Amino acid sequence: MAVPEITESYTGSVNRLTLGATSQSGGTRATTVVVGGAANVVYGGSDTQAGERPVIAIDVLDSRPNDWPEYLSEPYKDVLDSPAAWAKKCVDEFGAEIICLKFDGIHPEKGDKGADHAVSVTREVLEAVGVPLILWGCGNDEKDNQIMPKVSEAAKGENCLIGTVTEGNYKSLTAIALADGHNLITEAPLDINIGKQVNILAADMGFPLEKIVTFQDTGALGYGVEYSYSIQERQRLAALSGDKMMAMPVICDVGHEAWRAKEAKSEDAPDWGRADKRGPMWEAATAICLLQAGADILRMRHPKAISTVKDFINELW
Amino acid sequence: MALSGLEIFKLLPKTNCKECGKPTCLAFAMQLAQKKAKLEDCPHVSEDAKEKLAAAAAPPMQLVKFGNGDNEVQVGRETVLFRHEEKFYNPTVLTVTVSDKLSGEELNKRIEKINSLEFERVGQQIKVNAIAVVNESGSSEKFAAAAQSVKQGSELAMILCSDSPEAIEAAVSKTSDRVPLIASAKEDTAEQMAKISKDNKCPLVVKAPSIEALSQLSEKVKSGGVENLVLTLEDKSPRESLYNSTRMRVLSLRKVFRPLGYPTISFIQGDESEQVAAAASLICKYSNIVVVDAAEPEVILPLLTVVMNIFTDPQKPVQVEPKLYSVGEPDENSPLMFTTNFSLTYYTVESDVESSRVASYILVVDTEGTSVLTAYSGDKLNEKVVADAIKKSNVEEHIKHRKLIIPGYVAVMSGKLEETTGWEVMVGPRESATIPKYLKEVWQ
Numbered sequence: 151m152a153v154p155e156i157t158e159s160y161t162g163s164v165n166r167l168t169l170g171a172t173s174q175s176g177g178t179r180a181t182t183v184v185v186g187g188a189a190n191v192v193y194g195g196s197d198t199q200a201g202e203r204p205v206i207a208i209d210v211l212d213s214r215p216n217d218w219p220e221y222l223s224e225p226y227k228d229v230l231d232s233p234a235a236w237a238k239k240c241v242d243e244f245g246a247e248i249i250c251l252k253f254d255g256i257h258p259e260k261g262d263k264g265a266d267h268a269v270s271v272t273r274e275v276l277e278a279v280g281v282p283l284i285l286w287g288c289g290n291d292e293k294d295n296q297i298m299p300k301v302s303e304a305a306k307g308e309n310c311l312i313g314t315v316t317e318g319n320y321k322s323l324t325a326i327a328l329a330d331g332h333n334l335i336t337e338a339p340l341d342i343n344i345g346k347q348v349n350i351l352a353a354d355m356g357f358p359l360e361k362i363v364t365f366q367d368t369g370a371l372g373y374g375v376e377y378s379y380s381i382q383e384r385q386r387l388a389a390l391s392g393d394k395m396m397a398m399p400v401i402c403d404v405g406h407e408a409w410r411a412k413e414a415k416s417e418d419a420p421d422w423g424r425a426d427k428r429g430p431m432w433e434a435a436t437a438i439c440l441l442q443a444g445a446d447i448l449r450m451r452h453p454k455a456i457s458t459v460k461d462f463i464n465e466l467w
Numbered sequence: 029m030a031l032s033g034l035e036i037f038k039l040l041p042k043t044n045c046k047e048c049g050k051p052t053c054l055a056f057a058m059q060l061a062q063k064k065a066k067l068e069d070c071p072h073v074s075e076d077a078k079e080k081l082a083a084a085a086a087p088p089m090q091l092v093k094f095g096n097g098d099n100e101v102q103v104g105r106e107t108v109l110f111r112h113e114e115k116f117y118n119p120t121v122l123t124v125t126v127s128d129k130l131s132g133e134e135l136n137k138r139i140e141k142i143n144s145l146e147f148e149r150v151g152q153q154i155k156v157n158a159i160a161v162v163n164e165s166g167s168s169e170k171f172a173a174a175a176q177s178v179k180q181g182s183e184l185a186m187i188l189c190s191d192s193p194e195a196i197e198a199a200v201s202k203t204s205d206r207v208p209l210i211a212s213a214k215e216d217t218a219e220q221m222a223k224i225s226k227d228n229k230c231p232l233v234v235k236a237p238s239i240e241a242l243s244q245l246s247e248k249v250k251s252g253g254v255e256n257l258v259l260t261l262e263d264k265s266p267r268e269s270l271y272n273s274t275r276m277r278v279l280s281l282r283k284v285f286r287p288l289g290y291p292t293i294s295f296i297q298g299d300e301s302e303q304v305a306a307a308a309s310l311i312c313k314y315s316n317i318v319v320v321d322a323a324e325p326e327v328i329l330p331l332l333t334v335v336m337n338i339f340t341d342p343q344k345p346v347q348v349e350p351k352l353y354s355v356g357e358p359d360e361n362s363p364l365m366f367t368t369n370f371s372l373t374y375y376t377v378e379s380d381v382e383s384s385r386v387a388s389y390i391l392v393v394d395t396e397g398t399s400v401l402t403a404y405s406g407d408k409l410n411e412k413v414v415a416d417a418i419k420k421s422n423v424e425e426h427i428k429h430r431k432l433i434i435p436g437y438v439a440v441m442s443g444k445l446e447e448t449t450g451w452e453v454m455v456g457p458r459e460s461a462t463i464p465k466y467l468k469e470v471w472q
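Listed in order, the protein sequences are those of chains Z and D. Per the working numbering, the first sequence starts with residue 151, numbered consecutively. Per the working numbering, the second sequence starts with residue 29, numbered consecutively.
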């Protein structure tokens, strides 16, 4: 009996999007990164339909983190106070293709730092590394609205990816990202309908759909990864069916979420195996799961987890 | 694949005799297609039609069982490519290898170690549920002896891995009562392996270098009378494995291509990190049995958690029992907070309270497995529900104070809740992650 042909009739594909701008395009980046482009489900059809290689963005925090488990902060211990040195280390030693600059320190409960601080950190990191940047707010609407527009302006022309905007808070950041020529992250709380709604809201303000990346909230392995997984699969299928409002590349916040899991961070749990290896394994396994469901950009933290996932991506894409 | 009403109609006698109770053969065919009628109701249907209809009604993927008693495992009979379409039914059997090069104390230690790979997560037990004995020694006697030791040292289901029919024969003769899965029959050993499988009523893995060759081999073995088959492709890189595994799943489910309508098994190679990556991806992408060499808990726990998460029924939120939980060893002055019985919500809160190192009580309120905001907007979480939970839990006997910390997202219910319960309501953080800070700074 002959093996039948599989013929899929997908009409759409995931948008392709470029991050970073070199001097030819009005920026100062040494490299740019293209994400998205998949024209089939993950491993569906032939590898020519797989789109661009998923990419890892390594997190750099604007201020020294106080709550990082020892095994996570250890590889960064000499640079935690200097975002520029931190970013440089990520690029030079851990092969970061993108740096995600995360502004936790502006949060009212985590330092409450002001715009001057955020702007100078942005400038220093842009200076220190040549890779494209993601600029990610703290999640407090008021502070983000106050500070992220200034961060955006400081990186004008660099074609960064900036966010996040939500259903309830999208206007000011969408407007400034548009004005400064950045790409935008739309966020929804594990709800595919809200996810689409935020994209529509941003589009209504004139923001180009092909410059949007969606963030559907990430659940860590053991803590809801299956919700992110199925939403991403549904989003990919919607994109393939031609839904323009769902055809955006997907970003996942893997590092932060995975290291909240007690399986990753508990130092005192011998039944779960070696504490120094558990965290990186948990982070890597979370990332691998999300790749199976169509993640395009993974925000990650531990160098060991990053190298595991990078090897996997290079093998598969 | 299910036949349409018209396709079924073509197989019926088309006499409109009404003996089935329906006015016409076409009406009967339509009801059959919707599973509202049974074929037996038609007294005149031909044997040929019966066979065709039965074949079409068979599930597209075979169910295969191995092991015995409480440790029997079953794999296969999956119905969808994406879990959100329905759900994945039979969780991937995570298997760890034992080499037959080991003997004596070393062998027993390895078996013990695999036996101990059992964990409790979110109220459920998860564990490695099979052991693969691998014929690395090249000797039939050593292989049979190792299989015998595994049988004695472990209750887990067994997989016997050797390309040599003599070695398999020797090992099966010692272990057939445990119904091991035999791995594997190849083109040149298919007849001998099939005979062992048939004689001992053990399921069989068939192995070939390509999907095309595998289809032919499975057909051949099946026509020889062995129906409980598991499929594998030999010597594939993770990339080839994942693309092929996906193609095979599409062919078996969407095309109902019977020669590939069986569960699959993957043997994972590489260092620990490579094994975690390859195993996690193959659990997600359709391998029903995943065999790894790594036996360290830090490798196995994440993989078992992947199985648990991916095989969760997406239609049914996982719930925890609504009652009073203690974190650490709380006393009569410890804080009390409430959350919902959606397991993800509860375990996130529990984990954050734990990391605060402030011994606390968590009162879990029955919201039918929904999260805080969803429950509140659906009126499954209101002052009455919380007041009931306080009463039922007898928490008043455990603590002296009358202060209740509530999730920040439902701050709006504070007033009514104070009125109904007479307790002092303290509005906690919106995000669970800030609970430690809250307990340390505000609770005092």
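Using N, Cα and C, we set each Cβ at its ideal position, and we do this for glycine too. Keep in mind it's a predicted model, so treat the numbers as computed, not measured.
Residue burial is scored here from C-beta neighbours: His406 (chain Z) has at least 16 other C-beta atoms within 10 angstroms and is therefore classed as buried. Against chain D, a Cβ distance below 7 angstroms from Pro154 (chain Z) picks out Leu279, Lys283 and Phe285. Trp451 (chain D) carries a coil assignment under DSSP once its states are collapsed to helix, strand and coil. The segment 154-170 of chain D and the segment 189-197 of chain D touch, with no fewer than 3 CB-CB distances between them shorter than 8 angstroms. Neighbours of Lys263 (chain Z) in chain D, taken as residues whose beta carbon is under 9 angstroms from its own, are absent, since the nearest beta carbon is some 17 angstroms off.
Taking a C-beta cut-off of 7 angstroms against chain Z, the contacting residues of the segment 335-347 of chain D are Asn337, Ile338, Thr340 and Pro342, listed in chain order. Beta-bridge pairing by DSSP links Asp209 (chain Z) to Z:Cys250. Only residues of its own chain outside the window of five on either side were considered, and among them Lys235 have a CB closer than 6 angstroms to the CB of Lys214 (chain D), listed in chain order.
Using a Cβ-Cβ cut-off of 7 angstroms, Tyr193 (chain Z) is close to Leu270, Tyr271, Thr274 and Lys313 of chain D, given in chain order. The residues Leu340, Ile342 and Gln366, in chain order, have a CB closer than 7 angstroms to that of Ile381 (chain Z) in the same chain once the five nearest residues on each side in sequence are set aside. The continuous stretches of beta strand (DSSP E) do not include Val440 (chain D), and DSSP gives it neither H nor E. Residues of the same chain with a CB within less than 6 angstroms of the CB of Thr316 (chain Z), apart from the 5 flanking positions on each side, are Glu337 in chain order. When secondary structure is reduced to three states using DSSP, Trp286 (chain Z) falls in the strand class. The way I'd put it, the segment 215-228 of chain Z doesn't touch the segment 317-331 of chain Z; fewer than three beta-carbon pairs between them come closer than 8 angstroms.
Within the model, the alpha-carbon separation for Asp231 (chain Z) versus Gly255 (chain Z) is close to 12 angstroms. At a cut-off of 8 angstroms between C-beta atoms, Ala461 (chain D) counts as an interface residue with respect to chain Z. With contacts defined by Cβ atoms closer than 8 angstroms, Pro291 (chain D) and Val103 (chain D) form a contacting pair. For Thr203 (chain D), the closest alpha carbon among the candidates D:Lys179, D:Met221, D:Ile210 and D:Gly397 is that of D:Lys179.
Taking C-beta separations shorter than 7 angstroms and ignoring five residues to either side along the sequence, the partners of Asp380 (chain D) in its chain run Ser460, Ala461, Ile463 and Pro464, following chain order. Contact between the segment 62-78 of chain D and the segment 104-111 of chain D is absent, with fewer than three C-beta pairs closer than 8 angstroms. For Val327 (chain D), the closest Cβ of chain Z is nearer than 8 angstroms.
Ile317 (chain D) is bridged by DSSP to D:Val121 and D:Ile293. With contact defined as three or more Cβ pairs closer than 8 angstroms, the segment 133-150 of chain D and the segment 301-308 of chain D are not in contact. In terms of Cβ geometry, Val164 (chain Z) and Pro399 (chain Z) form a close pair [threshold 8 angstroms]. Arg149 (chain D) sits in a strand when the DSSP states are folded into three classes.
A check of alpha carbon separations from Phe370 (chain D) across D:Glu357, D:Pro119 and D:Leu391 identifies D:Leu391 as the nearest.
Looking from the CA of Glu240 (chain D), the closest CA among D:Leu261, D:Gly456, D:Gln220 and D:Pro119 belongs to D:Leu261.
Chain Z has a Cβ within less than 8 angstroms of the Cβ of Lys465 (chain D). For Phe244 (chain Z), the nearest beta carbon of chain D is not closer than 8 angstroms to its own beta carbon. Setting aside the 5 residues that flank it on each side, Ala235 (chain Z) is surrounded in the same chain by Val229, each with a C-beta closer than 6 angstroms to its C-beta; the list follows chain order. Nearest CB-CB separation between Arg430 (chain D) and chain Z: not below the 8 angstroms threshold. Distance check between Asp354 (chain Z) and each of Z:Tyr377, Z:Thr324, Z:Ala329 and Z:Gly201 places Z:Thr324 closest, using alpha-carbon atoms only. Neighbourhood of Asp197 (chain Z) in chain D, by CB distance below 9 angstroms: Arg267 and Tyr271, in chain order. For Tyr375 (chain D), the CB contacts under 6 angstroms within the same chain, skipping 5 residues up- and downstream, are Val150 in chain order. Distances from the alpha-carbon of Ala152 (chain Z) to those of D:Lys428, D:Ser243, D:Leu329 and D:Leu332 put D:Ser243 closest. Shown here for Ile297 (chain Z): same chain residues with a beta carbon closer than 6 angstroms to its own, the five before and five after excluded, namely Ile256, Ala265 and Ala268 in chain order.
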